Amino acid sequence: MTKTVRLTMAQALTHFLSRQMTEIDGEKMPIFGGVWAIFGHGNVAGVGEALYQVRDELPTFRAHNEQAMAHAAIAYGKANFRRRFMAATTSIGPGALNMVTAAALAHVNRLPVLFLPGDVFANRLPDPVLQQAEDFSDGTASVNDCFRPVSRYFDRITRPEQIIPALNRAMQVLTDPAECGPVTLSLCQDVQAEAYDYPENLFAERVWTPRRLRPDRQELAAAIAALKGARKPLVIAGGGVLYSQASDELAKLAQGAGIPVCETQGGKSSLPDDHPLNMAAVGVTGTSAANRLAEEADVVLAVGTRLQDFTTGSWALFKNAGRTIIGLNTQGFDAGKHWARPLVADAAEGLAELSEALKGWKAPAAWTDNALKGKEEWRAAAAKVTASTNAAYPSDAQVIGAVQRAMGSGVTLLHAAGGLPGELHKLWQAGEPGSYHAEYGFSTMGYEIAGGLGVKMAKPDQEVVVMVGDGSYLMLNSEIATSVMLGLKLTIVLLDNRGYGCINRLQMATGGANFNNLLKDARHEVMPDVDFAAHAASLGAIAEKVASIAELETTLAKAKNNDKTTVLVIDTDPLVSTEAGGHWWDVAVPEVSSRPQVNAARKKYEEAVGGRQG
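Residue numbering for the sequence shown follows UniProt numbering, starting at 1 and increasing by one per position.
Set out below in structure tokens:
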């Protein structure tokens, strides 16, 4: 007879989570790094009490904003290469909905996170409860249904025993390389408190390790034949290289076969920037070295990438009409994009087998030499735009140069939205794998500071540098206070260009008038004059506004010795971006306009679309 233990559903949930383990470098440890929680009437009595009972095995962290705490949880999973992750719980209503943006971010980026929003009463007796949004035609709906399209697995728990299969399915999704993404278990608040006789074996310790899928023989043979027939092969390294921890295998393939490598936003730092065959960023925000090769490549080995529009230049980057794309990916959906030859496999396993099969074969020396020359030319161009300056309003690139010189490549650099991703993708010289942390799959403004906190939790001994614009900072900055409260130091460089500079430049590039992006071009009675340093200081940070690039470098060097989160603010030019590198991006321009600037931009747009190959 199966032994049972009587627990509430919420207690069963938290006990289960505390018993799930993983193994990293031979050391067994909890797979959940903790639970972020903001309590309300929909989760405080059930999940809140249950978390209290396991607080020593499964730590609970308090945040100031539900979206931000979910971002922190997601960044923690990304920084751990998906081997460990976190959960986030809220009450019903606005608390739950605040996490939906983060759920979409995790879904797009294939990142593991467990959402535990409270839900309405399953018995419906007290309906409508506080914060319940009633659907006039569907009594079973709640706002948590918004999680469905942005969750890999969604379940509403309306009976206490339903948590048993739901937890098993949740763990399968969170740990599966192909299916990985957000899981939402929507917890009816009355059911959280209901008791059930759960089987004891539900709470047995279980160790989860990554599945490493080896390639199909036929797909592998086709990929090998394509590569051996290539005259101009190129590797595009995506985030899957990092999640598979396949950097060594990627380096072996590149060096052994003389194949140049370029990196997506998610894949940057797959190889160190100083690796001779690393051409760095590819696509819309790519280097001249990488994009020139991508235009000519006849075989493209796309490893662990979704091949989204910023990587492919809206599918206008690859200009070789006879090209072959090989999609090496754990997820068949991604492996076969744009008629690619799929090679469904773990990145490390697939690269290892390709390396073995290609022993003795090398790409033509002229192609490899051409790549090496292009990298030298790019590095010279990058050095010019990142050099120090006395300008009153430096460019983003010049600020990046200052941060790089002061902090080096031994830090983890984090960013998300605005103009910085384009400049950092091209210009930041990443060191070890995972030291470049970009959220550009969903390009979520407000991810930066909360994400930095999550990275610091994953890498407490690492110096974590967050670069953020004033627009993102104003959207979501509250977790500065949380970082101070938890004793987790971040170094935050805030670039103030007085508006949404990146979109203003895009508006201008598509023929639009300067309108509603920079503060000066938005409707106002009084121009805002935000004292960012004073604001950050009010949240408990060490904060200072610097007046020049030289002062920024000096202050950053001193900040290394600070014992808590430090925010350094510098004014920048909203109109300047790096002209070197880059590629066209498909942003549709109006066919008809009364403004000649828009009509001229439309003509250029039609020419670009007409030249697209894919």
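Beta carbons: idealized from backbone N, C-alpha and C, even for Gly.
From a predicted model like this one, the values you see are computed outputs, not experimental measurements.
Straight-line CA distance for residue i to residue j?
| i | j | result |
| --- | --- | --- |
| ASN65 | MET508 | 34 Å |
| ALA254 | TRP361 | 11 Å |
| PRO149 | ALA536 | 36 Å |
| ASN329 | ILE157 | 33 Å |
| VAL493 | ALA366 | 42 Å |
| ARG55 | LEU17 | 12 Å |
| ILE588 | THR285 | First, the amino acid is wrong: residue 588 is Ala here, not Ile. ALA588 and THR285: Cα-Cα distance of roughly 18 Å. |
| ALA10 | GLN20 | 16 Å |
| GLU423 | HIS107 | 25 Å |
| GLU591 | PHE121 | 51 Å |
| GLY118 | PHE154 | 13 Å |
| SER594 | ILE503 | 22 Å |
| VAL464 | GLU349 | 31 Å |
| LEU213 | TRP428 | 32 Å |
| PRO421 | GLN189 | 41 Å |
| ARG83 | LEU111 | 10 Å |
| PRO233 | PRO177 | 27 Å |
| GLN132 | GLU544 | 44 Å |
| TYR605 | VAL344 | 36 Å |
| residue 629 | GLU49 | Residue 629 falls outside the range modelled here, since the chain spans only 1 to 614, and no answer is possible. |
| ARG292 | ASN370 | 10 Å |
| GLY336 | MET527 | 51 Å |
| LEU116 | CYS180 | 17 Å |
According to DSSP, is residue i helix, strand or coil?
| i | result |
| --- | --- |
| GLU23 | strand |
| ASP176 | coil |
| ILE503 | helix |
| PRO596 | helix |
| GLY239 | helix |
| residue 619 | It is not possible to answer for residue 619, since the shown part of the chain is limited to 1 through 614. |
| ARG214 | coil |
| HIS535 | helix |
| ARG124 | coil |
| HIS415 | strand |
| VAL100 | helix |
| MET407 | helix |
| GLY95 | helix |
| TYR605 | helix |
| PRO433 | coil |
| LEU420 | helix |
| MET86 | strand |
| ALA37 | strand |
| ARG612 | coil |
| GLY42 | coil |
| THR2 | coil |
| VAL385 | helix |
Use the C-beta contact count for residue i: other C-beta atoms within 10 angstroms, 16 or more gives buried, fewer gives exposed.
| i | result |
| --- | --- |
| ALA383 | exposed |
| ASN109 | buried |
| ASP274 | exposed |
| GLN597 | exposed |
| ASP127 | exposed |
| LYS489 | buried |
| GLY99 | The displayed chain sequence assigns Met, not Gly, to residue 99. Label assigned to MET99: buried. |
| LYS3 | exposed |
| GLU525 | exposed |
| TRP36 | buried |
| LYS268 | buried |
| ARG159 | exposed |
| LYS603 | exposed |
| ARG523 | exposed |
| ALA225 | exposed |
| THR386 | buried |
| ALA195 | exposed |
Notebook entry, point to check: Below 8 Å, can you find three or more Cβ-Cβ pairs linking the region 30-39 to the region 218-229?
Noted result: By the C-beta criterion, the region 30-39 is judged not to be in contact with the region 218-229, since fewer than 3 inter-stretch pairs fall below 8 Å.
Item checked: Inter-stretch contact at 8 Å, needing at least 3 Cβ pairs: the region 390-409 / the region 472-484 -> These segments do not touch.
Next item on the list: Report the residue ranges of all beta strand (DSSP E) runs contained in full by the region 438-503; include only those spanning at least 3 residues, in chain order.
Entry: With a minimum length of 3 residues, the continuous beta strand (DSSP E) runs that stay inside the region 438-503 are 464-469, 491-496.
Notebook entry, point to check: Residue ranges of each alpha helix (DSSP H) run of no fewer than 4 residues wholly in the region 47-80, ordered along the chain?
Noted result: The region 47-80 contains these whole alpha helix (DSSP H) runs: 49-53, 66-79.
Check: For the region 199-219 against the region 248-262, are there 3 or more C-beta pairs whose distance is under 8 Å?
Finding: Taking 8 Å as the limit for Cβ pairs, the verdict is that the region 248-262 does not touch the region 199-219.
Check: If we count Cβ pairs, one from each stretch, closer than 8 Å, do we get three or more for the region 65-84 versus the region 448-465?
Finding: Touching, per the Cβ criterion.
Check: How about the region 341-361 and the region 551-568: do they share at least three Cβ pairs that are nearer than 8 Å?
Finding: They do not touch, by the three-pair rule.
Checklist line | beta strand (DSSP E) runs wholly inside the region 508-586, at least 3 long, in chain order | finding: Whole beta strand (DSSP E) segments, 3+ residues: 542-545, 566-571.
Note to self: Using a Cβ distance threshold of 8 Å, determine whether the region 435-449 contacts the region 459-476, with at least three qualifying pairs required.
What the structure shows: With the cut-off at 8 Å, the region 435-449 and the region 459-476 touch.
Check: What are the uninterrupted segments assigned as alpha helix (DSSP H) that are 4 or more residues long and contained completely in the region 130-209, given in chain order?
Finding: Taking 4 residues as the shortest admissible run, the region 130-209 contains the following complete alpha helix (DSSP H) segments, listed from N- to C-terminal end: 163-175, 189-192.
Note to self: Which complete alpha helix (DSSP H) runs does the UniProt domain "Thiamine pyrophosphate enzyme central" (220-354) hold, if anything under 4 residues is left out?
What the structure shows: If we require 4 residues or more, the alpha helix (DSSP H) runs fully inside the UniProt domain "Thiamine pyrophosphate enzyme central" (220-354) come out as 239-243, 247-257, 288-296, 309-312, 332-335.
Check: Is the number of C-beta pairs between the region 285-300 and the region 571-590 that are closer than 8 Å three or more?
Finding: The region 285-300 is in contact with the region 571-590.
Check: So, do the region 253-269 and the region 554-567 have three or more beta carbon pairs nearer to each other than 8 Å?
Finding: By the criterion of at least three beta-carbon pairs nearer than 8 Å, the region 253-269 is not in contact with the region 554-567.
Margin query: Closer than 8 Å is the cut-off here; do at least three beta carbon pairs connect the region 433-445 with the region 401-417?
Written below: Because the criterion of three Cβ pairs below 8 Å is met, the region 433-445 and the region 401-417 touch.
Notebook entry, point to check: On the three-pair Cβ rule with 8 Å, is the region 89-104 touching the region 162-170?
Noted result: Contact fails: fewer than three Cβ-Cβ distances are below 8 Å.
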